[in-house]
Every structure is written in structure tokens, then in C-alpha cells.
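Asker: Residue numbers (the numbering used here): 42 to 200. One structure, as C-alpha cells, below. Some questions next.
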């Protein structure tokens, strides 16, 4: 069970960090909303990556990590494991609010603008916030990888 959970956690982390990196590249290459067809295509693709790669990978990583902590007594008193759990939950919540939601919403808005139902002037308002959120989440995910590899001796609070 431990190897399966480690495998699932690792595969989730690979997908999560890969999705974040690809979204950052796409954000930096996103055309201006004045090129509406290209912008809508790019934002639709980004919404699909957020929905079908980022979110499932995020869930898999968090669930496998929490199950690992819960099932293996050696991790119950490991401060590094609890720090990873806390930051993992932070990444999960921030991923919903700062990445998944805005990406899906902007994909819908840009498709609506392309169809003439939405004013194109309302587009691209969240690009900077999305980029900043992704950089922060990628840094936290990298720190979690470092914690998992080096497992520093962090003490837990006394009971």
C-alpha cells in the first residue's frame, strides 16, 4: 500500500507541476483579446488543462499524501509530513480559487465574446493574478518536493 500511495502521490505531483508550468507558458504567450479568435482558443485550451490535468492531479496528490500520513505511523510525528499536508491543503484551496475558477471563467467569457454575447473589453482582467498565483503555487509545490526528498527533522508541537 505504501508503494502504491507513493506512486500515486508522485504521479499527481508530476501532473500538477507540469500543468502549472504549461499554464504559465501559455499565459506568457496569450494573445491580446483584440485577436479574439486566437485569445478564445488559447483561453479554452487553458481552461481544459486546468479542468482535466491541473485539478485531477491536485486532488490525487493531496488525497494520496493525506492517506499516506494517516496509514503510516512513522509519518504521524514527522514535522515535515505535517508541513507538507498543511501546504498541500493551501495549494488545493488556492488552486480552486486562483487557478481553476478563473481559468474556466475566462474560457467561458472568451467563448461568449467570440459568439457576440460578451463585451471583449471585459476579457484578460485576471491574467496577472493567475500568473502570480501559479508562480506562488509552483514554488510551494517545489518546496513540498524538497521536503519529501530531504525530510528535514522538524519537530511537532507538544501535545
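Heads up, the beta-carbon is just placed ideally off N, CA and C, and yes, glycines get one too.
If we call anything under 8 Å between Cβ atoms a contact, is residue 140 one with residue 91?
Answerer: Yes, these two residues count as a Cβ contact at 8 Å.
Asker: Using only the alpha-carbon positions, how far apart do residue 80 and residue 151 sit?
Answerer: For residue 80 and residue 151, the distance between alpha carbons rounds to 7 Å.
Asker: In terms of alpha-carbon separation, which member of 190, 188, 154, 179 lies closest to residue 75?
Answerer: Nearest C-alpha to residue 75: 154.
Asker: So what does DSSP say about residue 50, is it helix, strand or coil?
Answerer: Three-state result, residue 50: helix.
Asker: Please identify the residue among 162, 69, 111, 178 whose C-alpha is closest to the C-alpha of residue 129.
Answerer: Looking at the Cα atoms, 178 is the closest of the given residues.
Asker: Check whether the segment 123-138 and the segment 180-195 touch, using three or more Cβ-Cβ pairs below 8 Å as the test.
Answerer: The segment 123-138, when compared against the segment 180-195, does touch it at the 8 Å Cβ threshold.
Asker: Exposed or buried, residue 166, counting other C-beta atoms within 10 Å across all chains shown (16 or more means buried)?
Answerer: So residue 166 ends up on the exposed side.
Asker: Which residues in the same chain as residue 73 place their Cβ atom closer than 8 Å to its Cβ, once the five residues preceding and following it in sequence are excluded?
Answerer: Correct list, in chain order: 80, 165.
Asker: Using the Cβ count rule (16 or more neighbours within 10 Å means buried), how would you classify residue 58?
Answerer: Classification for residue 58: buried.
Asker: Could you pull out every residue in the same chain whose Cβ sits closer than 7 Å to the Cβ of residue 113, ignoring the five residues on either side in sequence?
Answerer: Closer than 7 Å at Cβ, skipping near neighbours: 43.
Asker: Measuring alpha carbon to alpha carbon, tell me which residue in 137, 78, 110 is nearest residue 95.
Answerer: It is 137 whose Cα lies nearest to the Cα of residue 95.
Asker: Thinking residue 148 and residue 85 are a contact (beta carbons under 8 Å), I'd like their distance in whole angstroms, please.
Answerer: Sure, about 5 Å apart at Cβ, within 8 Å.
Asker: Got a sec, what are the start and stop residues for the alpha helix (DSSP H) residue 214 sits in?
Answerer: For the chain, the structure presents residues 42 to 200; residue 214 sits outside this window and is missing.
Asker: Judging by CA-CA distance, which residue of 156, 49, 48, 145 is the nearest neighbour of residue 171?
Answerer: When only C-alpha atoms are compared, the closest one is 145.
Asker: Could you give the residue range of the alpha helix (DSSP H) that holds residue 93?
Answerer: Residue 93 -> no alpha helix (DSSP H), and no H or E assigned at all.
Asker: If you drop the 5 nearest sequence neighbours on each side, which residues of the same chain put their C-beta closer than 6 Å to that of residue 71?
Answerer: Correct list, in chain order: 83.
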